[in-house]
Structure formats: C-alpha cells, structure tokens
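Visitor:
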Amino acid sequence: MREANEMKELSIDVPVEPPTELKPLFIPIPPEYVEDAYKKDEFLVLVGPQHPGSGHMRIIVRVDGDVIVEAIPDPGYVHRSMEKLAENRLYIQNIPLFERPAIMDNANFNLGYIRAIEEALDIEVPERAKYLRTIMAELCRIGTHLYDAAILAVFIGHTTGFMYPFAVRELICECLVKMTGARFTSSFIIPGGIRRDVDNGILNFVKKATFEIERRLKNFEKIFIKNPATIARLKDVGVLTKQEAIKYGVVGPFLRASGVEYDVRKVESYEAYDELDWEIVVADEGDGYSRFLVRVNEISQSLDIIRQAIGRIPEGDVISQDLFENVNANTKNPKDIRGAFYDVFTNLKLPLGETTTLTEAARGLLLYTIVSDGESNVPYRVRIVSPGWLYLRGFMESLKGERLADLQAIYGSFGYFPPEADR
Amino acid sequence: MDSRSIQVVRSGVLAPIKKWGTKWSLWPVHLVTACCGAELAHAFASGYDGERIGALNYGIARQTNLIIVEGAITRKMARVLRITWEQMPEPRFVIVMGACGLKGGLFWNGYHLVKPSDVVPVEYFIPGCPPTPEGLLRGIRSLQEKIWEGKNRNSIDFNKIELARKEIERRIPTPPKIIARNPFIKVDVPKDVDWAFGNRLVNELKEGLGNLVERITITGKNRICIRVNPKNLQRVAVKLKDKFDHVKSVNVIDVPYDNTFIVEYVVSSYSNRELMPVLVTIATKISKKNPKLPSLHSYWVSADYLEREMQDLFGVTFEGNPWGNRKFLLAPDTPDYPLRKDFKLEEEVYARDEATEGSKNEEQKQEQGGDKE
C-alpha cells in the first residue's frame, strides 16, 4: 500500500502557510490540529459537503501523499431535529415523521417505532397483518439496496450502473403504490396492524414483479456487479476485520460482510420472519466488494422471502381487535381503519417506563427507545439510533491507510445516506 | 468581454439563440440536501429520463446553472447552499422541491431548519412530500417556459367557482395533546416475562457486580436495566466490557421533576451468540446543575460519536471524550442544548379565522397556557 513512500523523496523548500479561514468556513477542527498537520508535511483535504454523490456530509481527510492518515466526519447537514419534534406530537402523528430519515426504507423505519408502541401496550397483531408488514419491509429492503447500488455506481463513475437499478426500483415503487397508495412515504403501518387489507390480486402482482426483478438483476450482474472495473475498484479496499467491525459497532450488511452472523430478523425475530425459511448472508473478507455482494445476495434472499410470504399468507383481519374496545360499533372494521382512525388513536397513551425495540432496516440495525410518563398522549422522549449513525465510526476507520482516490468507492460501498444518519 | 458585447448577447440579435441555449441546457448541480433526492434520482434515471429535456445532473457548481433544492435545508446546509449558489455563473436558477423547502413541511417548527427562500432567490416551488418525478420534471418545464417567454405563465387554468359561505359561529378546537407538566420518570419499570435465561443472567450480573450497582431489573424480554451511581459507572463498564462488546445507543433523558439527567448506555454483544439479543441498559442519574460524567469511550469505542451527539443536544459533558466541547452534529449557530425540556418549540394553531385573528389568537394562547398550568 505504501510503496510510494519508499521511493526517494524530493524535498522542495517552499514555505506553506496553514489556512486561517477555519472559523468563517465552520470547519470543526482546532487550528492547532491544522498546524500540526502542515508541520508534518501532511495536508487536510475537505471532501464535501457539496460533492458528486448522494447525500451530503463533510469528511475532513488528513493525507500523507495521497494515503489517508485520518478521516474526521462533520455530519449534521441533514439533522432535522426529529427527536425533539416527536416530543411535541401525538404518538400517531409521529409515524410520518419517523419514516423521513430514509424514505426508500419507510416500512422498516415505521415498523421499529410501531413495534415499540405495540410492545409497551401489549397489542397482539393479527397474522395476516404480520405477513403483509413482512412483505412491505422486504420490498423496501430490496429498494434500498438497489438505491445504494446505483449510488455506488455514480461514485465510481459508472452511469449505466446508475440507470439500471433505478429502472428495477420503478417496479418496487409500483408494487408499493398498489399496496399502499404511495411510492415512498406510505405511513401504512399503524399500531395494531396496517391501515387496510391488501387484496390477493395485488399480492399476485407483487409475486410476478419479484420474478421480473430477478430476471433484470441477472442483466445487472453482467453489466455492473461482475464488471472487472467494479471489482478492481472495490476489491481489497476499505477492509474492516471481524474484530474491528465489532469494536466500532458496525451494523447490518456491513457487519455481516466482516464475518459476524448477526441479523435482528434471526436474533430477535419479529413479524413473520421466524415462520419463513431463509438464511443470513455472510462474507468473510470485509472489503468494499464483499459489502456490496452481501447486499446483492440479500436482494435475492428478500425476493425469496416475499414469494414465501405471499404463498403462506393466511386470510383474516389486519387490525387488532384490542384497539376497537371503546369505538362506536358502526365504524368497527377489522380490515380497514378508515372512519375509526381518530377515535382509536388520538388518546393513545403508553404506560410509565421505557421500551426499546431493535429492527433490521435495510442498512442495518435500527434502535427505537420510547420513554413514556404514563400521563401524556405524546412521548416523553424518543431516541432513534439509525444504522448510518452507528456504522459511521467503522466507515471512518476503514478509510485509514487507503488512497484518497478510493474514498469514493468506500463511501459508496457503505451506502452512507446522510438523511438517515443525521435524522 | 466588455460590457457592450455582453449587452449584445443579452438583448441584441444573438439574444434568442442565448435564450434557446439556456432553455435546453439546464444543468442541476449535485446538491442533494435531504430525502427528496430519492425522487430526484428517479426523475433522472431511466424511468423518467430527465435528460431528454436537456437537464443533466453534474458534479461541479462552476459549470452548472440550476440548483434543485431537495427538501429540508438545515442551518448547516443553508451556508453550503449559499456558497454553491454564489459559485455558479449567471444566469442561474433555483427550484425547490418538497414541502420542507416550501414552508418547513413536517419539520416546520424544528430548531435546525431554515427556509431556502430566505437563503437564495427561488424561481419555482414544487409541493409534495416527496413530489413525484413527474412533478419535478414539470417544474423544470415551467422554468424553461419562463426562460423563453420571460414571464411566469400558468400551465393549467382552473375553473373558478364562487364560494358562498353561511355565517356560522366558528369554534376553535382545543388541541388534542395532553402533556403532563412535570411528570415522574422511571426507566426501569419491572415487567413479568417468561425468560429463564434472563433470570440466570441477572443473578450472574448481581454476583459479578456486587454492590457497585443499585438495582438490576428485567424490563422486558431480552431487556435488562442496571441502575448505577455515576461514581461507579467506570468500574461497572470495566466489568461488563468483556461480556458486552459494543454500545448500541447512548441516551439522555431530561427530568425537570427532580432536576436531573438520566444517562443511559445500551450495550450488547456481537461475539457471544447467546447474548446477541440481550440489551443491557446502564442507567445513571446526574445533577442538572453540573452535568458531568466520565466518558466510556475508552472501554467501548462505539460510544464515541453517540456521546458527542448527546453532548450537543443536552449539554452533558462526557469527560475524556476526545472531541471535547466542540459541536459535532449541530450547526455552530444553533441554540444551545435544544433537547432539554426547557427549550420550547413553536406550537401549532389548529384553526384560523382571518377576521378576528388577532383577538382569537390571544384567547387561544391563554387557553393553551391555562391547559398547561
């Protein structure tokens, strides 16, 4: 990696002044650090916030030649103060709020929050609703992985690799539109079930769509995944060993790419995952390419989960009967919440205490903690720890020792999505 | 070029050619500010193919002439938006997509949000949360029309209907929110669960930690809460760090009731299969007057960024954290410690009556104030 350093160096004695405009540019590092870097003949490179990828954050990279010595993140460009806003809104009003961190992954983000409410209130969700939630969560997972694959392609300058997954994503959006009515932000999952039943014709469409997605992914594999240029950019780049990944608390597919068999869907199973046959996708290398491949393999795994779920879905209610206790009999409909929504949910109150749920969102582990005081119908405190925020440390560590030109490839291989990380 | 030749290009015989060129080469710069970027990507990918109307995303601000602001602009991003806009050559345009960019959308009363129209001059707003790709492309088409014709034109004319309203007395609804004013907070409420391994684990922890801890409670299936005195926090961390190898969350809860902060570390394990689903919350109470706590960064590296975030949001100092007192997540000009309970956000007004707006608003404010007290 460092052959460049072994070559004989030419020393040119040009006095270089460290930059002084740190304060007006709001660079969050002390001037001593900058001076120290310049004294040691190293440089600081600011990557972002406006850069040719998706989502914006700044990485302050300290380079020795073109080898990265240290990477300091400057996140928060998309910090939309969700935790504070949630303390000021009804439990039910927070559902649309909490899918905004990553709108392509809305079902998983909703699911975590809703499950925390259900756990605190001990609501039993009907089987059919569990299956439908699983299908939606997996559709969103595929969609997010395809999105990240496309952004990875943009990062390494492969335009076709960007166009192709987005064409496949259109199918996912179409499935979600048919199921929920919205391409991205459906807010379809509610405490006790889902908003309304999805009929079998639509489920059939989803099943057909999974076969079409599979067929198109084969082409994508030829174009991008197995492309020698992609492999050359990603292989052996940004390696995180198993020990490092555990130490830095990396999550999700990126943890599994380093050889840790941890998937919340297996470890602490929720919804219908323990009734379906599937396996955790793991790789051992821990480099950029295996991080990408794990997600590609997860797409096929998810397609299989969707097909199984559609095959085994039972008939029945989609909204828990527990919710309708104090509701006018005319508006009671266990297959559609319309008409009874405000009666049921306005005065939702959680008992005193703290509830924490784990969810496997597409990019990894998602943690919701709801603290309730037992009197208010708004949460006292909601803590969201999103996957992006958890693997940011691992991402920064994996940059060390790599070349500056590989930064984009590593960024893409993590699928880092600032709105999700900053919340 | 001297000013005269610029005049010729702007308004002389070459003007139509220049207009035509600008119309069909609106290049948006890559400035994905928030989640609407997902729909922007769709609009320029093969499904909708924005390139066919001459718009192509490009990386560098100095060679582009259009900014599409995608959704929320935060205090930190606002500066970036301005700098990017200033870098672009004339003529330059700004389109804002999404409800957040219009009036704040879902985040309208957030502490970290600004309106893009306060930062840069905006040509068009595209409403929606998120708007569809068709909506975005229509926005670009409208801008093209504006460049060509030099003025705004409605692309759709709606039929106008005279609305007559009967005079009825309007009652402003009371807000449905019930917020307890100074509630009691307890994070380790015991719960009866059928969890044999948990009981065994709790006994094991009790033996291992001895009188370092105040109480160990099972708060649910796979959830254990350990209540610790802040003095013993580091010693407990030393004993737990071999069993539990990473931190999943650091949380602070502001409790005005007894003027304290509850600080929680949620730890778990990746290496031990049996402990994988178990979350152990180490909760400790510190005074609000002097919110200081030893950092556990040296025992769990994964707690580092989470501690920095909590320091930003609550002003709790984690002594020994390498970042020190600097702001990490928030913009430098954000008000201090926004997640403390004494930092209030603007409240929503549920109904407005234009005629008597002033007086009714005051009444309502008093009503709301009364509710709280």
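Sequence order for the protein chains is A and B.
Residue numbering for the first sequence follows this note's numbering, starting at -9 and increasing by one per position.
Residue numbering for the second sequence follows this note's numbering, starting at 274 and increasing by one per position.
Note that the Cβ used here is the ideal one computed from N, Cα and C, for glycine as well.
Which first and last residues belong to the alpha helix (DSSP H) in which Ile647 (chain B) is found?
Guide: Residue numbering for chain B in the displayed model covers 274 to 646; residue 647 (chain B) lies beyond these limits and cannot be assessed.
Visitor: Which residues in the same chain have their Cβ closer than 6 angstroms to the Cβ of Gly444 (chain A), if we skip the five residues on either side of it in sequence?
Guide: Coverage of chain A is limited to positions -9 through 413, which leaves residue 444 (chain A) absent and any answer about it impossible.
Visitor: Below 7 angstroms on C-beta distance, what does Gly320 (chain B) contact in chain A?
Guide: Result: Phe156, Ala157 and Glu160.
Visitor: Please name the residue or residues paired with Asn524 (chain B) in a DSSP beta bridge.
Guide: Answer by DSSP bridge pairing, in chain order: B:Glu537.
Visitor: Counting contacts by CB-CB distance shorter than 8 angstroms, is Lys29 (chain A) in contact with chain B?
Guide: It does not: the Cβ of Lys29 (chain A) has no partner Cβ on chain B nearer than 8 angstroms.
Visitor: Identify every residue that forms a DSSP beta bridge with Ala351 (chain A).
Guide: For Ala351 (chain A), which the question treats as bridged, DSSP gives the partners A:Gly354.
Visitor: Checking contacts by CB at 8 angstroms: is Asp644 (chain B) closer than that to chain A?
Guide: Reliability fails at Asp644 (chain B), whose pLDDT of 41 lies under 50, so the model's placement of it is uncertain and the value that follows must be treated cautiously. Not an interface residue.
Visitor: Find the residues of chain A that neighbour Ser215 (chain B), judging by a C-beta separation of less than 7 angstroms, and give them in chain order.
Guide: Limits of chain B in this structure are 274 at one end and 646 at the other, which puts residue 215 (chain B) out of reach.
Visitor: Does any residue of chain A have a CB that is nearer than 8 angstroms to the CB of Ser410 (chain B)?
Guide: According to the sequence shown, residue 410 (chain B) is Leu rather than Ser. Not closer than 8 angstroms to any Cβ of chain A, the Cβ of Leu410 (chain B) fails to qualify, so no.
Visitor: Can the beta-carbon of Arg186 (chain A) be found closer than 8 angstroms to that of Ile327 (chain A)?
Guide: Their beta carbons are under 8 angstroms apart, which means Arg186 (chain A) touches Ile327 (chain A) by this criterion.
Visitor: Who are the Cβ neighbours of Ala411 (chain A) in its own chain at under 7 angstroms, not counting the five residues just before and after it?
Guide: These residues qualify, in order along the chain: Pro65, Ser376, Gly378, Trp379 and Leu382.
Visitor: Would you please verify whether the beta carbon of Gly383 (chain B) is less than 8 angstroms from any beta carbon of chain A?
Guide: So yes, Gly383 (chain B) belongs to the interface.
Visitor: Which runs of the alpha helix (DSSP H), 4 residues or longer, sit entirely within the segment 184 to 239 of chain A?
Guide: For the segment 184 to 239 of chain A, whole alpha helix (DSSP H) runs of length 4 or above, ordered along the chain, are 190 to 210, 218 to 224 and 232 to 237.
Visitor: Determine, for Trp379 (chain A), whether the minimum Cβ-Cβ distance to residues of chain B falls below 8 angstroms.
Guide: So yes, Trp379 (chain A) belongs to the interface.
Visitor: Would Arg205 (chain A) be called buried (16 or more neighbouring beta carbons within 10 Å of its own) or exposed?
Guide: It counts as exposed.
Visitor: By Cβ distance below 8 angstroms, which residues in the same chain neighbour Met361 (chain B) in space, the five residues on each side in sequence not counted?
Guide: Correct list, in chain order: Val302, Ala334, Arg335, Thr337, Asn338 and Ile340.
Visitor: Within its chain, find whatever has a CB closer than 8 angstroms to the CB of Val466 (chain B); leave out the 5 residues flanking it on each side and keep chain order.
Guide: Ile491, Gly493 and Lys494.
Visitor: By the three-class DSSP mapping on this structure, what secondary structure does Asp414 (chain A) have?
Guide: Residue 414 (chain A) lies beyond the residue range present for chain A, which begins at -9 and ends at 413; the question has no answer from this structure.
Visitor: Roughly how many whole angstroms lie between the Cα atoms of Pro389 (chain B) and Lys512 (chain B)?
Guide: Roughly 50 angstroms between the two C-alpha positions.
Visitor: Where do the N-terminal and C-terminal ends of the beta strand (DSSP E) with Leu566 (chain B) fall, by residue?
Guide: Segment Lys565 to Pro567, the beta strand (DSSP E) holding Leu566 (chain B).
Visitor: Rounded to the nearest angstrom, what separates Tyr215 (chain A) and Thr554 (chain B) at their Cα positions?
Guide: Note that residue 215 (chain A) is Ile in the sequence shown here, rather than Tyr. The alpha-carbon atoms of Ile215 (chain A) and Thr554 (chain B) are separated by roughly 41 angstroms.
Visitor: Helix or strand or just coil, what does DSSP make of Tyr397 (chain B)?
Guide: Reduced to three states, the DSSP call for Tyr397 (chain B) is strand.
Visitor: Can you check which of these residues, A:Tyr406, A:Ile50 and A:Glu288, is closest to Pro18 (chain A) by C-alpha distance?
Guide: Nearest of A:Tyr406, A:Ile50 and A:Glu288 to Pro18 (chain A), Cα basis: A:Ile50.
Visitor: Arg255 (chain A) versus chain B: which residues are under 7 angstroms apart at the beta carbon?
Guide: Near Arg255 (chain A) there are no residues of chain B at all, since even the closest Cβ is about 11 angstroms away, more than 7 angstroms.
Visitor: Is it buried or exposed for Phe282 (chain A), if we count other Cβ within 10 angstroms and need 16 for buried?
Guide: Per the 10 Å Cβ criterion, buried.
Visitor: Going by DSSP in three states, Thr357 (chain B) sits in which element: helix, strand or coil?
Guide: Three-state result, Thr357 (chain B): helix.
Visitor: Any idea if Glu233 (chain A) is buried or exposed, counting beta-carbon neighbours within 10 angstroms, 16 or more meaning buried?
Guide: Sequence check: residue 233 (chain A) is Gln here, not Glu. Classification of Gln233 (chain A): exposed, given that the 10 Å Cβ count is below 16.
Visitor: List the residues of chain B that Leu101 (chain A) touches, going by C-beta distances under 8 angstroms, in chain order.
Guide: Residues of chain B passing the Cβ test: none, with the nearest at roughly 17 angstroms.
Visitor: What residue range does the alpha helix (DSSP H) around Leu161 (chain A) cover?
Guide: Unbroken alpha helix (DSSP H) run through Leu161 (chain A): Thr149 to Thr170.
Visitor: Could you list which residues in chain B have their beta carbon closer than 9 angstroms to that of Gln398 (chain A), in chain order?
Guide: Under the 9 angstroms cutoff, chain B gives no residues; its nearest Cβ is about 11 angstroms from Gln398 (chain A).
Visitor: So, with DSSP's three-state summary, where would you put Tyr263 (chain A)?
Guide: If DSSP states are grouped into helix, strand and coil, Tyr263 (chain A) belongs with the helices.
Visitor: Can you name the residues of chain A whose CB is closer than 7 angstroms to the CB of Asn495 (chain B)?
Guide: Residues of chain A passing the Cβ test: Glu258.
Visitor: The alpha helix (DSSP H) spanning Pro63 (chain A) covers which residue range?
Guide: Here Pro63 (chain A) belongs to no alpha helix (DSSP H); instead the beta strand (DSSP E) covers Val57 to Asp64.
Visitor: Assuming contact is defined by CB atoms lying nearer than 8 angstroms, are Tyr103 (chain A) and Asn84 (chain A) in contact in what I supplied?
Guide: Yes, they are a contact pair.
Visitor: How big is the Cα-Cα spacing for Val353 (chain B) and Ala437 (chain B)?
Guide: About 48 angstroms.
Visitor: Any idea what DSSP makes of Lys388 (chain B), helix, strand or coil?
Guide: Of the three classes helix, strand and coil, the one that applies to Lys388 (chain B) here is coil, per DSSP.
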